[in-house]
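Let me begin by presenting the structure, written as structure tokens, before commenting on it.
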Ligand SMILES: NC(=O)c1ccc[n+]([C@@H]2O[C@H](COP(=O)([O-])OP(=O)(O)OC[C@H]3O[C@@H](n4cnc5c(N)ncnc54)[C@H](OP(=O)(O)O)[C@@H]3O)[C@@H](O)[C@H]2O)c1
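Residue numbers (our numbering): 10 to 259.
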């Protein structure tokens with residue numbers, strides 16, 4: 010596969026500053042795509058990455074996506090700008106932003122519940138609402154979400170996190186038939202535990218050995234496989250997990 014495969018094509022990636030979104034961004038830049046990355050912090054390139062990719066192909070939008078006023082103020086003009094630029098058509102979107110928050114429901118304040126649902130679910134729906142008209146008008150494109158194993162199965166202390174991820178999967182399943190007639194493909198990747206900053210503020214981590222944790226790049230490869238399916242085929246859902254699930258309390 011040529012490393013130029015996405016030259017002059019634009020992708021929007023949320024959660025670009027870290028983890029899975031960062032890995033997707035780097036893979037797209039390696040394929041000469043233009044990437045608009047959205048996160049609160051800017052993505053910081055390492056010296057090796059600066060040598061390996063054209064960082065001018067990356068544009069950063071710093072936005073707290075749980076704040077819907079900022080989302081509209083910053084993303085609406087950006088989506089208009091992208092759709093007006095016919096030289097670099099938008100062909101793919103990966104929504105990789107989100108965080109984990111676990112505990113029994115009664116431990117959550119109303120604010121904590123809203124923040125998690127706004128970040129992990131509602132903002133995804135709002136971004137899809139902004140993006141879909143652009144892809145449908147173009148008559149092609151991919152919109153890929155990052156779900157979780159928590160999109161598939163509930164678990165102790167995960168009620169609100171699972172509610173956001175089940176909700177996302179239901180949203181995705183409903184969008185698919187709505188978008189297929191416009192040749193827009195909708196996908197979701199459901200990873201088990203991935204070795205990222207996700208666990209920094211949690212009281213547990215995956216076990217320490219390689220078989221207990223996925224690499225962000227492994228999940229990003231699944232996203233790239235969805236983007237790179239031949240026309241007329243759709244890889245609509247990918248579930249992947251570490252070979253052995255081990256949870257370690259900190
Ligand atoms: N790691 C796992 O084990 C795992 C497993 C299954 C599913 N997932 C899912 O994968 C997705 C990515 O997580 P990750 O593992 O890559 O974690 P991560 O390394 O912590 O990355 C999370 C990304 O989301 C962005 N983000 C979080 N809140 C945001 C907000 N309010 N506004 C804008 N950007 C925000 C962060 O950027 P800023 O902090 O710069 O805003 C960061 O770029 C999440 O949806 C998570 O639920 C993770």
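Ideal Cβ placement from N, Cα and C applies to all residues, glycine included.
Expressed to the nearest angstrom, what Euclidean distance is found between the alpha-carbon atoms of residue i and residue j?
i           : j           : result
residue 150 : residue 77  : 25 Å
residue 201 : residue 89  : 35 Å
residue 102 : residue 18  : 11 Å
residue 58  : residue 105 : 20 Å
residue 199 : residue 259 : 24 Å
residue 64  : residue 70  : 14 Å
residue 117 : residue 128 : 15 Å
residue 11  : residue 155 : With a pLDDT of 46 at residue 11, under the threshold of 50, the predicted position of this residue should be treated as unreliable, though the coordinate-derived value follows. Using only the alpha carbons, I get a separation of about 26 Å.
residue 148 : residue 67  : 25 Å
residue 173 : residue 80  : 19 Å
residue 257 : residue 182 : 33 Å
residue 142 : residue 126 : 24 Å
residue 184 : residue 208 : 30 Å
Give a yes or no on whether the C-beta atoms belonging to residue i and residue j are separated by under 8 Å.
i           : j           : result
residue 204 : residue 215 : yes
residue 233 : residue 35  : no
residue 74  : residue 132 : yes
residue 21  : residue 99  : yes
residue 85  : residue 130 : no
residue 195 : residue 152 : yes
residue 193 : residue 223 : no
residue 15  : residue 42  : yes
residue 260 : residue 160 : Lying outside 10 to 259, the shown extent of the chain, residue 260 is not represented and no answer is given.
- Message: Between the stretch 21 to 33 and the stretch 48 to 56, can you find at least three pairs of beta-carbon atoms closer than 8 Å?
- Response: yes
- Specify whether the stretch 108 to 127 and the stretch 234 to 245 touch according to this definition: at least 3 beta carbon pairs, one from each stretch, less than 8 Å apart. no
- Message: When you compare the stretch 248 to 256 with the stretch 216 to 223, are there three or more beta-carbon pairs, one atom per stretch, that lie closer than 8 Å?
- Response: yes
- Message: So within the stretch 19 to 70, which uninterrupted alpha helix (DSSP H) runs reach at least 4 residues, ignoring any that extend past its ends?
- Response: 28 to 39, 56 to 61
- Could you tell me which uninterrupted beta strand (DSSP E) segments, each at least 3 residues in length, are contained entirely in the stretch 73 to 129, listed from first to last along the chain? 99 to 104
- Start-end ranges of the alpha helix (DSSP H) lying completely within the stretch 157 to 207, minimum 4 residues: 168 to 189
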